[in-house]
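The UniProt record's numbering puts the first residue of the sequence shown at 1, with every later residue one more than the last. These notes are about the structure you will find just below.
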Amino acid sequence: MKNFSEKLHNITTLEPPKQEEEKTKAIKHHKEEEGEEEERARCEWDFNLETVVSSSNSQSVSHALGAIEFDQSENFVATGGIARKIRIYSIKSLLPHKGSQYEHILSLDHANACDYYMCTPAKLSSLRWKPGFDSRIIGSGDYDGVVTEYDLERRLPVFERDEHGGHRVWSVDYSNWNPVVGASGSDDGTMQMWDPRCEDGDVATIQPSVTRSAVCCVEFNPFGGSMIAIGCADRKAYGYDIRMMVKPVIMLDGHRKTVTYVKFVDANTLVSASIDGCLKLWNLNESKMIRTYKGHVNNRNFVGLSVWRNGSLLACGSENNRIFVYDKRWGEPIWMQGFDTAGSSMENQEFVSSVCWRQVGEDKCTLIAGGSDGVLKVFQGKRKANTTPS
Numbered sequence: 001m002k003n004f005s006e007k008l009h010n011i012t013t014l015e016p017p018k019q020e021e022e023k024t025k026a027i028k029h030h031k032e033e034e035g036e037e038e039e040r041a042r043c044e045w046d047f048n049l050e051t052v053v054s055s056s057n058s059q060s061v062s063h064a065l066g067a068i069e070f071d072q073s074e075n076f077v078a079t080g081g082i083a084r085k086i087r088i089y090s091i092k093s094l095l096p097h098k099g100s101q102y103e104h105i106l107s108l109d110h111a112n113a114c115d116y117y118m119c120t121p122a123k124l125s126s127l128r129w130k131p132g133f134d135s136r137i138i139g140s141g142d143y144d145g146v147v148t149e150y151d152l153e154r155r156l157p158v159f160e161r162d163e164h165g166g167h168r169v170w171s172v173d174y175s176n177w178n179p180v181v182g183a184s185g186s187d188d189g190t191m192q193m194w195d196p197r198c199e200d201g202d203v204a205t206i207q208p209s210v211t212r213s214a215v216c217c218v219e220f221n222p223f224g225g226s227m228i229a230i231g232c233a234d235r236k237a238y239g240y241d242i243r244m245m246v247k248p249v250i251m252l253d254g255h256r257k258t259v260t261y262v263k264f265v266d267a268n269t270l271v272s273a274s275i276d277g278c279l280k281l282w283n284l285n286e287s288k289m290i291r292t293y294k295g296h297v298n299n300r301n302f303v304g305l306s307v308w309r310n311g312s313l314l315a316c317g318s319e320n321n322r323i324f325v326y327d328k329r330w331g332e333p334i335w336m337q338g339f340d341t342a343g344s345s346m347e348n349q350e351f352v353s354s355v356c357w358r359q360v361g362e363d364k365c366t367l368i369a370g371g372s373d374g375v376l377k378v379f380q381g382k383r384k385a386n387t388t389p390s
């Protein structure tokens with residue numbers, strides 16, 4: 001190009017050298033400003049490990065945590081997974097007391113840290129607190145294809161449906177309107193909506209993929225809209241209007257492999273995760289991809305995805321046994337932390353399998369992560385004093 005420009009420097013369509021030089025400087029200055037802005041975003045938060053909860057049971061049994069969920073009050077946490085137990089923790093028991101001089105990492109045992117637990121008949125893949133029941137009812141989806149609701153005060157199942165033909169239920173969610181409607185996604189290739197008040201309460205059954213690919217995740221719009229988002233093994237995410245579910249109103253095609261999670265960031269923005277090792281942010285109004293997030297490792301397993309809406313932060317696990325946090329504005333991680341614990345080794349191929357933000361605060365945040373080894377870790381983040389939310 002240099003040779004051509006030298007030969008053609010007299011052509012009037014080319015900018016004069018001085019003007020071209022000024023333009024180059026302006027572009028360079030703009031890129032430098034972008035780099036400075038990104039660096040500010042990277043440095044806005046300090047994260048610290050506060051608590052580690054593990055099991056003293058040394059038996060060679062898998063305790064992988066597949067689901068972590070805060071209740072609506074944000075004061076209680078439920079976990080579930082391979083161990084066939086739903087454990088309930090109060091946030092007060094997981095975090096050091098405010099104002100104390102205790103500066104070391106708090107180490108707890110699951111048996112003593114949790115308020116109580118319930119045994120379940122099958123391995124759990126999903127948990128979701130049911131809105132409007134004062135943190136008394138929690139729903140679960142299991143490996144046997146059953147959706148069960150438990151009354152936590154009575155410690156008993158109060159509702160059960162087995163409409164996925166024994167195929168694993170990957171995801172369960174509830175609407176935020178009254179009456180509450182539930183939804184579940186399964187290996188049978190369907191998303192089913194149902195009314196827990198009715199014995200035969202099917203509202204709708206949707207098969208998003210013509211090849212009947214597994215439905216791996218479902219989420220109602222938590223901001224009160226009429227959309228439900230679905231992620232499938234056909235590499236696509238779909239949005240359905242629950243008032244007319246004949247066909248999707250949105251189809252998001254950008255991942256190269258199975259879509260494992262979909263989460264609403266706000267009423268018009270969705271983030272999706274896939275085993276192609278990427279998160280993607282989508283504008284729902286235009287069905288357009290906004291940004292791709294890369295850095296974590298995810299080629300095979302469900303590693304969790306959570307959105308802290310107050311701080312516009314995304315968290316996910318990774319198959320290299322680390323937690324990753326992304327700022328919504330930038331495609332590279334702003335923070336990562338190893339999850340290795342005493343006695344762990346690379347031979348075990350452990351990974352971070354679930355994450356969940358506590359949806360409170362603006363300058364302080366709480367992130368809970370669970371591992372394939374059953375260990376639960378609680379992190380707290382604090383916005384640095386010289387930064388302000390944008």
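Yeah, the Cβ is synthetic: ideal placement off N, Cα and C, and Gly gets one too.
Report task. Quick one: grab the DSSP three-state call for residue 91. Result -> Stepping through the sequence shown from its first residue, residue 91 is reached at position 91. Here DSSP, grouped into helix, strand and coil, assigns residue 91 to helix.
Query raised in the report: Since residue 283 is in the beta strand (DSSP E), which residue starts that stretch and which ends it?
Result: The residue you call residue 283 lines up with position 283 of the sequence shown. Note, residue 283: beta strand (DSSP E), 278-283.
Query - Runs of beta strand (DSSP E) lying entirely within the stretch 204-265, each at least 3 residues, in chain order - result: 215-220, 227-232, 236-241, 250-253
Query - Ranges of the beta strand (DSSP E) found wholly within the stretch 305-376, counting only runs of at least 3 - result: If we require 3 residues or more, the beta strand (DSSP E) runs fully inside the stretch 305-376 come out as 305-308, 313-316, 322-327, 333-338, 352-357, 364-371.
Requested in this report: Take every Cβ of the stretch 294-303, pair it with every Cβ of the stretch 312-324, and state whether three or more of those distances are shorter than 8 Å.
Outcome: yes
Query raised in the report: Who are the near neighbours of residue 173 in its chain, counting only those whose CB is closer than 6 Å to its CB and skipping five residues on each side?
Result: For the purposes of this step, residue 173 is taken as the residue at position 173 of the sequence shown. So the list reads 128, 183, 218, 219, 220, once near-sequence residues are dropped.
Query raised in the report: Below 8 Å, can you find three or more Cβ-Cβ pairs linking the stretch 304-313 to the stretch 285-296?
Result: no
Query raised in the report: On the premise that residue 263 lies in contact with residue 307, defined as a C-beta separation below 8 Å, what is that separation, rounded to the nearest angstrom?
Result: Translated into positions along the sequence shown, residue 307 becomes position 307. Translated into positions along the sequence shown, residue 263 becomes position 263. So it is a contact: roughly 5 Å between Cβ atoms.
Query raised in the report: Helix, strand or coil for residue 113 per DSSP?
Result: Looking up residue 113 in the sequence shown gives position 113. Helix, per DSSP.
**Report entry** Whole-angstrom distance between residue 249 and residue 238, CA atom to CA atom
**Finding:** On the sequence shown, position 238 is the one that residue 238 refers to. On the sequence shown, position 249 is the one that residue 249 refers to. Their backbone Cα atoms lie some 8 Å apart in a straight line.
Requested in this report: Whole angstroms is fine: what's the gap from residue 245's alpha carbon to residue 227's?
Outcome: Numbered from 1 along the sequence shown, position 245 holds the residue referred to as residue 245. Numbered from 1 along the sequence shown, position 227 holds the residue referred to as residue 227. C-alpha separation (whole angstroms): 10 Å.
Query raised in the report: What residues in its chain sit with their C-beta under 8 Å from that of residue 304, if we drop five residues either side in the sequence?
Result: As a position in the sequence shown, residue 304 is number 304, starting the count at 1. For residue 304, where only same-chain residues beyond five positions count, the Cβ hits under 8 Å are 68, 261, 315, 316, 317, 352, 353, 354, 355, 356, 369, 370.
Report task. Return yes when the Cβ of residue 378 is within less than 7 Å of the Cβ of residue 79, no when it is not. Result -> In the sequence shown, the residue the question calls residue 79 occupies position 79. In the sequence shown, the residue the question calls residue 378 occupies position 378. Cβ distance not < 7 Å, so residue 79 and residue 378 don't count as in contact.
**Report entry** Residues of its chain near residue 91, where Cβ-Cβ distance is below 6 Å and the 5 sequence neighbours each way are ignored
**Finding:** Residue mapping note: residue 91 aligns to position 91 of the sequence shown, counting from 1. Here the set comprises 75.
Report task. Please name the residue, chosen from 45, 259, 187, 230, that lies closest to residue 247 on a Cα-to-Cα basis. Result -> Position 247 of the sequence shown, counted from the start, is the residue given in the question as residue 247. Here the closest residue by C-alpha is 230.
Query raised in the report: Taking the C-alpha atoms as reference points, what is the distance between residue 271 and residue 329?
Result: The residue given as residue 271 occupies position 271 in the sequence shown. The residue given as residue 329 occupies position 329 in the sequence shown. Going from the Cα of residue 271 to the Cα of residue 329 covers about 12 Å.
Query raised in the report: Taking DSSP as the reference, what is the three-state secondary structure of residue 174?
Result: For this step, residue 174 is matched to residue 174 along the sequence shown. If DSSP states are grouped into helix, strand and coil, residue 174 belongs with the strands.
**Report entry** Closest by C-alpha distance to residue 157, when choosing among 120, 134, 169
**Finding:** The residue you call residue 157 lines up with position 157 of the sequence shown. If we check each option's Cα against that of residue 157, 120 comes out closest.
Requested in this report: Please check the pair residue 170 and residue 215, which I expect to be a contact at CB under 8 Å, by giving their CB distance rounded to whole angstroms.
Outcome: Locating residue 170 in the sequence shown gives position 170, counting from the first residue. Locating residue 215 in the sequence shown gives position 215, counting from the first residue. The pair is a contact, with the Cβ atoms about 7 Å apart (cut-off 8 Å).
Query raised in the report: Does residue 377 come within less than 7 Å of chain C when only Cβ atoms are used?
Result: The structure shown contains no chain C; it is built from a single protein chain.
Query raised in the report: What number of angstroms, rounded off, separates the C-alpha of residue 225 from the C-alpha of residue 56?
Result: Here residue 225 refers to the residue found at position 225 when the sequence shown is read from its first residue. Here residue 56 refers to the residue found at position 56 when the sequence shown is read from its first residue. Answer to the nearest angstrom: the Cα atoms are 45 Å apart.
Query - Helix, strand or coil at residue 16 according to DSSP, with G and I counted as helix - result: On the sequence shown, position 16 is the one that residue 16 refers to. Because the pLDDT at residue 16 is just 41, under 50, the model does not fix this residue reliably, and the point stays unresolved.
Report task. Could you give the DSSP three-state label for residue 185: helix, strand or coil? Result -> Against the sequence shown, residue 185 aligns to sequence position 185. Residue 185: strand per DSSP, three-state reduction.
Requested in this report: Please state whether DSSP places residue 299 in a helix, a strand or coil.
Outcome: The residue you call residue 299 lines up with position 299 of the sequence shown. Coil.
Query raised in the report: When the Cα of residue 273 is compared with those of 252, 286, 339, 266, which residue comes out closest?
Result: Here the question's residue 273 lines up with position 273 in the sequence shown. Measuring from the Cα of residue 273, the nearest candidate turns out to be 252.
Requested in this report: Give a single yes or no on whether residue 156 has its beta carbon closer than 6 Å to a heavy atom of the ligand FAD.
Outcome: Absent from the structure shown: the ligand FAD. Ligands present: none.
Query raised in the report: When DSSP builds the beta bridges, which residues end up paired with residue 48?
Result: Residue mapping note: residue 48 aligns to position 48 of the sequence shown, counting from 1. Its beta-bridge partners are 380.
Query raised in the report: Is residue 140 near residue 164, with beta carbons less than 7 Å apart?
Result: Looking up residue 140 in the sequence shown gives position 140. Looking up residue 164 in the sequence shown gives position 164. For residue 140 and residue 164, no; Cβs fall outside 7 Å.
Report task. Using three-state DSSP, classify residue 96 as helix, strand or coil. Result -> Start at 1 with the first residue of the sequence shown, and residue 96 comes out as number 96. DSSP places residue 96 in coil when its eight states are reduced to three.
Query raised in the report: On the premise that residue 334 lies in contact with residue 327, defined as a C-beta separation below 8 Å, what is that separation, rounded to the nearest angstrom?
Result: Looking up residue 327 in the sequence shown gives position 327. Looking up residue 334 in the sequence shown gives position 334. That pair is a contact at about 5 Å.
Query raised in the report: What is the DSSP secondary structure of residue 272, reduced to helix, strand or coil?
Result: The residue given as residue 272 occupies position 272 in the sequence shown. It is a strand residue.
Query - Host beta strand (DSSP E) of residue 128 (start-end) - result: On the sequence shown, position 128 is the one that residue 128 refers to. First-last of the beta strand (DSSP E) with residue 128: 124-129.
Requested in this report: Could you tell me if residue 349 is buried or exposed, where buried requires 16 or more neighbouring beta carbons within 10 angstroms of its beta carbon?
Outcome: In the sequence shown, the residue the question calls residue 349 occupies position 349. Residue 349 should be labelled exposed.
Query - Buried versus exposed call for residue 107 [16 or more other C-beta atoms within 10 Å across all chains shown] - result: Locating residue 107 in the sequence shown gives position 107, counting from the first residue. Label assigned to residue 107: exposed.
Query raised in the report: Looking at the structure shown, is residue 153 part of a helix, part of a strand, or coil, going by DSSP?
Result: The sequence position of residue 153 within the sequence shown is 153, counting from 1. Looking at residue 153 - three-state DSSP - the assignment turns out to be coil, as it is neither helix nor strand.
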